[in-house]
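Below is one structure; the comments refer to it alone.
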């Protein structure tokens, strides 16, 4: 039996039966779907963006201060001196080992 005109009016005028928590959940889902929607990726040929130009630093010493360069040079010299000392100790230890082997 088709609904009467009065029942149609009543159904239209009734408030939404969705609870506030359901409404909030549906809004959150809708927002997430909107944020994760597929998007067109701009191409370089479209002119939508420009590639960054490479820049060469034209400052003296590549922009490194003189104090830092001096510290780097001191550190390098110290490492080389330690390396030479270590090699000298190893060479002396080998010579002592050879002399001990000759005595035996």
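Numbering (full-length UniProt numbering), first residue to last: 1 to 104.
Note that CB positions come from ideal geometry on N, CA and C, so glycine has one too.
Helix, strand or coil for residue 20 per DSSP? Three-state result, residue 20: helix.
State the DSSP-derived secondary structure class of residue 38, mapped to helix, strand or coil. Secondary structure at residue 38: coil, using DSSP grouped into helix, strand and coil.
Could you spell out the range, first to last residue, of the alpha helix (DSSP H) harbouring residue 82? Residue 82: member of the alpha helix (DSSP H) spanning 66–103, first to last residue.
Can you tell me which of the three DSSP states residue 32 falls into? Under the three-state reduction of DSSP, residue 32 is assigned to helix.
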